[in-house]
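Enquirer: Got a structure here, written out as structure tokens. Questions coming.
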Amino acid sequence: MSKFKLTEEHLNELKKELEYLQTTRDKEVSEQIKEARSFGDLSENSEYDEAKAEQGKLYSKIAEIKNIIENAEIIEVSADDAGVVGLGSKVRVLEAGEKDEEIYDIVGSQEADPMNGRISEESPFGRALIGHKAGDVVEFEAPEGVLKFTIVETTK
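Numbering (the numbering used here), first residue to last: 4 to 159.
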């Protein structure tokens with residue numbers, strides 16, 4: 004079983020979501036099923052079918068979150084890594100030919116959200132940044148060609 008690299012913050016968010024799904028949301032779906040059953044013949048009852056499908060999605064989501072929590076590996080940031088890009092780093096970069104700097108958080112794949120500046124360490128850009136420090140120039144292959152970035156600053 005593979006490990007899921009997560010920040011402590013994201014792990015806590017997942018635990019809260021799991022608690023909500025197992026309590027509040029499960030009761031809501033159970034009520035939907037109960038109400039749909041009251042409509043009569045289940046063989047031609049689309050409300051019942053929809054409620055059962057929703058229950059299936061809910062249980063699948065609960066199982067997925069449980070798996071992530073059970074196999075979570077918390078990202079540890081050590082003082083020895085200060086100044087070197089790694090999991091948990093915040094990196095300020097400047098793309099070659101651009102004027103505006105961009106800031107990215109390097110996170111595990113479960114937390115990646117590139118549109119909001121959260122880059123997975125498994126992505127091509129994330130892999131290119133890992134292990135480098137301020138002043139280094141990194142390159143990686145992207146769909147539009149090779150991109151080149153200068154690391155301006157990195158913090159943990």
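Using N, Cα and C, we set each Cβ at its ideal position, and we do this for glycine too. Since we're looking at a predicted model, the values are computed, not measured.
1) Does residue 145 come out as helix, strand or coil in the three-state DSSP assignment?
2) Between which two residues does the beta strand (DSSP E) carrying residue 42 extend?
3) Taking contact to mean at least 3 C-beta pairs separated by less than 8 angstroms, is the region 101 to 115 in contact with the region 9 to 22?
4) Measuring straight from C-alpha to C-alpha, what distance separates residue 70 and residue 56?
5) Check for me: the beta strand (DSSP E) holding residue 93 runs from which residue to which?
6) Within 10 Å of its beta-carbon, does residue 131 have 16 or more other beta-carbons around it, so buried, or fewer, so exposed?
7) Looking at the structure shown, is residue 75 part of a helix, part of a strand, or coil, going by DSSP?
8) Taking residue 5 as the reference, give the member of 123, 92, 72 with the closest Cα.
9) Could you have a look at residue 123 and say whether DSSP puts it in helix, strand or coil?
10) Check this for me: beta carbons of residue 87 and residue 134, under 8 angstroms apart or not?
11) Identify every residue that forms a DSSP beta bridge with residue 87.
12) Can you grab the Cα-Cα spacing for the pair residue 66 / residue 21, in whole Å?
13) Hey, out of 96, 26, 150, 124, whose CA is closest to residue 139's CA?
14) How would you label residue 106, buried or exposed, when you count the other beta carbons within 10 angstroms and need 16 or more for buried?
Expert: Reading from the atomic positions:
1) strand
2) From DSSP, residue 42 is part of no beta strand (DSSP E); its letter is neither H nor E.
3) yes
4) 21 angstroms
5) 93 to 98
6) buried
7) strand
8) 72
9) strand
10) yes
11) 136
12) 9 angstroms
13) 96
14) exposed
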